[in-house]
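Read the structure below first, then the notes.
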């Protein structure tokens, strides 16, 4: 007999509902932390910009790009152009602060952007996009925004297994 066949107490129902946002937080936190660790690993390889994949050069170029878009000052713009002309032989200095942004709603589109920024192929993860968007994020948002959403024990167990045991 499954747990759902028995009557669940209010405390059990409450804990199951509270568990959904916790599972989402686990998912988002893992993606953010693992991404930051990977980026830090790449940054500490002491490679030159010319030895890095383009996705990592972006992290070194961001501070220069913001200078050129925010400033009308010629000397700053020339410094940016000089960076791009000569960066291939420079040791890469990647900007790691706020490099990974989950946008507080780690839907598949945001996950894809993070993966692309790290040179991680999407193919192994694309089959999980519906799970991310509908089963995890939509349920988390409904519960977190005060909507009543009945999640039974078996559904919660499936969510937990997918978040903690699957390759996403």
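Residue numbers (this note's numbering): 196 to 363. Beta carbons: idealized from backbone N, C-alpha and C, even for Gly.
>> With a threshold of 8 Å, are at least 3 pairs of Cβ atoms found where one atom belongs to the segment 213-220 and the other to the segment 269-285?
In response: The answer is no - the segment 269-285 does not touch the segment 213-220, with fewer than three Cβ pairs under 8 Å.
> Would residue 338 pass as a contact of residue 303 if the rule is Cβ separation under 8 Å?
Replying inline: Cβ distance not < 8 Å, so residue 338 and residue 303 don't count as in contact.
>> Under DSSP, the alpha helix (DSSP H) around residue 308 begins and ends at which residues?
In response: It spans 303-312 - the alpha helix (DSSP H) in which residue 308 sits, taken as one unbroken run.
> Which class does residue 229 belong to by DSSP, given the choice of helix, strand or coil?
Replying inline: Helix.
> How long is the line joining the alpha carbons of residue 253 and residue 352, rounded to whole angstroms?
Replying inline: C-alpha separation (whole angstroms): 40 Å.
> Short check: CB of residue 354 to CB of residue 331, under 8 Å?
Replying inline: Taking 8 Å as the Cβ cut-off, residue 354 and residue 331 qualify as a contacting pair.
>> Within 10 Å of its beta-carbon, does residue 273 have 16 or more other beta-carbons around it, so buried, or fewer, so exposed?
In response: So residue 273 counts as exposed.
> Is the beta carbon of residue 234 sitting closer than 8 Å to the one on residue 313?
Replying inline: Yes. Within cutoff.
> Near residue 197, what residues of its chain come up, given a Cβ to Cβ distance below 7 Å and the 5 sequence neighbours on each side ignored?
Replying inline: At residue 197 the pLDDT is 48, less than 50, meaning the model places this residue with poor confidence; the figure from the coordinates comes in the next sentence. Excluding five sequence positions before and after residue 197, the CB atoms of its chain that fall closer than 7 Å to its own CB belong to 349, given in chain order.
>> Our contact map puts residue 226 next to residue 301 with C-beta atoms below 8 Å; I'd like the distance itself, whole angstroms only.
In response: A Cβ-Cβ separation of about 6 Å places residue 226 in contact with residue 301 under the 8 Å criterion.
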